[in-house]
Structure formats: structure tokens, C-alpha cells
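Data block below; observations after.
Number of protein chains: 2
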Amino acid sequence: MPRPPKSQDTSFQEELKLRVMRVLEANPSATQREIANELGVSLGGVNYCIKALVERGLVKLNNFAKSDRKMGYAYILTPDGVSEKAKITAHFLRRKMEEYEKLQQEIEQLTAELQEIR
Amino acid sequence: MPRPPKSQDTSFQEELKLRVMRVLEANPSATQREIANELGVSLGGVNYCIKALVERGLVKLNNFAKSDRKMGYAYILTPDGVSEKAKITAHFLRRKMEEYEKLQQEIEQLTAELQEIR
DNA sequence: AAATGACGTTCATAAGGTGAACAAAATACA
DNA sequence: TGTATTTTGTTCACCTTATGAACGTCATTT
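These protein sequence lines are chains A and B, in that order. Note that this note's numbering has the first sequence beginning at 1, numbered continuously upward. Note that this note's numbering has the second sequence beginning at 1001, numbered continuously upward.
Given below as C-alpha cells:
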């Protein structure tokens, strides 16, 4: 995802942002590769997304447990991140419900078309 | 749509094919520009699509009424075209219903997520 | 016949996600 | 501690694909 989006956030980017935040909330020590794999998107895409989240202060890179052996890095959702996630979630719910109705209509139409033939 | 698709038909192409066939069936004298405008896609895309349909024998370019003044060109769905359209329609119905269920689940999840916050 | 307009056709372009290659950091091993 | 190895983040050239302006062709008009 090399090219900074010139226009508004595309729906793909919007959705990716939400899905990445979900994964991070559930598992802050997830790797970018793991996230990409789990979400079925490219590594570059996840990297671009997380970078944007960090830049906006919605996600923070914490390194804890310095004294321990384990690598203590984790992407933590900030309070702003949590509330932003809620906002996006609500926004998505609205959008998905619209799609839902559209689909319902389309299904009715397709069904009708198939009936006409016989 | 200059580049012939190397891989399988993408869902966009598949759907465009069906929607173009629908328009042609309803109005065989429709212009490529009119179709593009009505479907909200590019002229090049429609051109590429129709070309493919003609090549597969699903659409035929008829010029009738030669003696008359009017330009008598029309894209007519062949019998093969009609049955292919039915096939694609059925295929789409299945796909759309799957999407429908996916959406339903997603909506439930989004709703649940929003409940958790309060 | 020339001009006009509408049509189909082409193609250089832009958008945007991809993943291999690279850099940096962390861990393991001596 | 120093070095090798592995893991992780970062970059960027590439590929796919839809776009629409520009062009060629043909019918209609003047």
C-alpha cells in the first residue's frame, strides 16, 4: 500500500482499519504478518494501516517487561483508539444494514427473473 | 478494460456481463454509452464486455430496416445468450444469498460489539 | 461533397493492493 | 560480550484492472 490515498478513505481501507483494531484489541502482541494472514490481506497493507493508526494516536507501541526474556512489544489501543473503534463500528453497522436491504431487493429481483423463464 | 483478464472472470466482470445482458434484453437498441451510463461503469468496460458476448455467440449484432432512414443496429440476445443469462442469474442468486447470510452474521457481531461498550 | 453528429474502438493512464526484498531489532548461541 | 540466526517492520517496483479522452468510421444533414 505504497501510495498514500489521495481521495477519501476507500471502503477497503476503512474496513481494514476496523478489523486491524479488533485483532489488536484481542491480541496486542500480534505480529503484522499474523494480522495480515488472519485477515487475508497483504503485509504491506497492514503495515500501512497500523502506521496510520499510530500516527493518529489510536494505537501505541509499548515495550514492557524489559527485564524478561520475551520480546515485550505490543500494539495497544489507546483510549482514543477504543472510542474511535466504537465510532467506526457504529458507522459500519449502518452501512452494512443498508447493504443488507440492497441485497434483499436484489435477491428478490433475481428470484423473479428466474421465475419468468419457466 | 483493455487488458484481457488472465485469470478467471472477476466478480466485477461477471456481474457486468449479466447487467449488460439485462439491459440489452430490455432495450436491444441501447448504445454502449447509454449502457455505460445507466450501469454507472466506463464506456471501455461495456465495450470490452459486449465484444466478449458477441465473440461467444451470446449476443448478435443485427442491422435491420436497411431501407428505412433510421440506423437499424441492435444488440440481440441469441438463444444461447438467453439461456446463459439464466445460468448466470441462478449462479448470482446463490452467491447473493451467501453474501446475505454473511452480512446478517456481521451485523449481529457489530451490534454485539456496540452493546459491550456500555 | 463537405460538415456534423453519433457511434464503436483503442490505449495511455491512474488507482491501489501485493509480496519479495531489504533493514532493523531481538533472540540464541558461543 | 560478540556474532550468527531468526523474527519483525518497512519499502517499493510490480501487476491487475477500471477509466475516459482521443480517434476512426459511418450515417445523416446542409
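Heads up, the beta-carbon is just placed ideally off N, CA and C, and yes, glycines get one too.
For residue j and residue i, believed in contact at Cβ under 8 Å, the rounded distance
i, j, result
"Leu61/A", "Met21/A", "Their Cβ separation, rounded to whole angstroms, is 14 Å, which puts Leu61/A and Met21/A out of contact at 8 Å."
"Gln32/A", "Val46/A", "5 Å"
"Glu98/A", "Lys1096/B", "Not quite, the Cβ-Cβ distance comes to about 15 Å (not below 8 Å), so this is no contact."
Where the alpha helix (DSSP H) through residue i begins and ends
i, result
"Leu1093/B", "1079 to 1117"
"Leu1018/B", "1011 to 1026"
"Val1046/B", "1043 to 1055"
"Leu39/A", "32 to 39"
Proximal residues of chain B, C-beta to C-beta of residue i below 9 Å
i, result
"Glu25/A", "Within 9 Å Cβ-Cβ: nothing; Glu25/A doesn't reach chain B, min ~10 Å."
"Ala86/A", "Glu1113, Leu1114, Ile1117"
beta-carbon residue i near the ligand GDP non-hydrogen atom, thresh 7 Å
i, result
"Met21/A", "Among the components of this structure there are no ligands whatsoever, and the ligand GDP is therefore not found."
Contact set between residue i and chain A, taken where Cβ atoms lie within less than 8 Å
i, result
"Thr1089/B", "Leu110, Glu113, Leu114"
Proximal residues to residue i (C-beta, below 7 Å), its chain only, five neighbours per side dropped
i, result
"Pro1028/B", "Ala1074, Tyr1075, Ile1076"
"Gly1057/B", "Thr1078, Asp1080"
Beta carbon proximity, residue i to chain B, threshold 8 Å
i, result
"Lys51/A", "no"
"Tyr100/A", "yes"
"Leu103/A", "yes"
Sequence-distant residues of the same chain with beta carbon closer than 8 Å to residue i, five excluded per side
i, result
"Leu1018/B", "Lys1085, Ile1088, Thr1089, Phe1092"
"Ala1052/B", "Lys1017"
"Ala36/A", "Ser42, Leu43, Gly45, Val46"
Cutoff 8 Å: residue i Cβ touching any chain A Cβ
i, result
"Cys1106/B", "The amino acid occupying residue 1106/B in the given sequence is Glu; Cys does not appear at that position. Yes - at least one Cβ of chain A is within 8 Å of the one on Glu1106/B."
"Pro1039/B", "Residue identity differs from the one stated: residue 1039/B is Leu in this sequence, not Pro. Cβ-Cβ to chain A under 8 Å: no for Leu1039/B."
"Glu1015/B", "no"
Interface partners of residue i on chain B, CB under 8 Å
i, result
"Phe12/A", "Near Phe12/A there are no residues of chain B at all, since even the closest Cβ is about 14 Å away, more than 8 Å."
"Leu93/A", "Ile1107, Leu1110, Thr1111, Leu1114"
Range of the contiguous beta strand (DSSP E) that encloses residue i
i, result
"Leu1061/B", "1059 to 1063"
Beta-carbon neighbours of residue i, restricted to chain B and to distances below 7 Å
i, result
"Met97/A", "Ile1107"
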